[in-house]
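Read the structure below first, then the notes.
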Amino acid sequence: MINKIGKVTVYVEDQEQAKDFWVNKLGFVLKFEQPMGPEFSWIEVGPSENEFTTLVLYAKTAMEQHDPSKVSHPSILFSTTDIDTAYENMNSNGVKVGELQKMPYGSMFTFYDQDGNEYLLREDK
161 MINKIGKVTV YVEDQEQAKD FWVNKLGFVL KFEQPMGPEF SWIEVGPSEN EFTTLVLYAK
221 TAMEQHDPSK VSHPSILFST TDIDTAYENM NSNGVKVGEL QKMPYGSMFT FYDQDGNEYL
281 LREDK
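First residue of the sequence shown: 161, per the numbering used here; consecutive thereafter.
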């Protein structure tokens, strides 16, 4: 079902400043950037072009509007190449899962461990 740790979300005050820090001060590369609305973007950086795992520099204010409890720590995004099968398998294994969301920037769903900790599984093609 899960084949890689795909992304770790870091909630940032200013996405452009965060991008500048990771790219220009630490030498990371900009792996992906796409607007998600008029005020923020989906920005991913990684240590190299060849590294699969990335940091998502997510706007803290956007997440605070959606779910303020999430911004206190990074979120872990796992990756799969078949989101529909993973969703079905987790459901059949008794894993608590959220709604499967098909967005323009990717398909994903939330799942919870035995202690109620939340994770995200995202399809990468």
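From the three backbone atoms N, C-alpha and C, an ideal C-beta is built for every residue, glycine too.
DSSP on residue i, reduced to helix/strand/coil?
i      : result
GLU193 : strand
ILE165 : strand
LYS262 : strand
VAL255 : coil
So the beta strand (DSSP E) residue i belongs to, where does it begin and stop?
i      : result
SER235 : 235-240
GLN175 : Premise fails: GLN175 lies in the alpha helix (DSSP H), 175-180, not in any beta strand (DSSP E).
THR213 : It is not in any beta strand (DSSP E) - THR213 carries neither H nor E in the DSSP assignment.
GLU278 : 278-283
GLU224 : Careful: GLU224 lies outside any beta strand (DSSP E), inside the alpha helix (DSSP H) at 220-226.
GLU204 : 201-206
Select from the options the residue whose C-alpha is nearest the C-alpha of residue i.
i      : options                           : result
GLY266 : SER229, THR214, PRO228 and SER239 : SER239
GLY187 : SER208, VAL172 and VAL168         : SER208
THR225 : GLU199, LYS256 and LYS262         : Reading off the sequence shown, one finds Gln at residue 225, where the question assumed Thr. When each option's Cα is compared against that of GLN225, the closest is GLU199.
LEU260 : GLY254, ASP273 and THR245         : THR245
VAL189 : MET250, GLU211 and VAL170         : GLU211
THR241 : TYR171, LYS230, SER229 and LEU281 : LEU281
LYS230 : MET161, VAL172 and GLU193         : VAL172
Counting C-beta neighbours from all protein chains within 10 Å, is the total for residue i 16 or more, i.e. buried, or is it exposed?
i      : result
ILE165 : exposed
MET268 : buried
GLN175 : buried
SER201 : buried
LYS191 : buried
Report the CB separation of residue i from residue j in whole angstroms; it is logged as a contact under 8 Å.
i      : j      : result
LEU217 : LYS179 : 6 Å
TYR279 : ILE236 : 5 Å
Along the chain, where does the alpha helix (DSSP H) that runs through residue i open and close?
i      : result
GLU248 : 243-252
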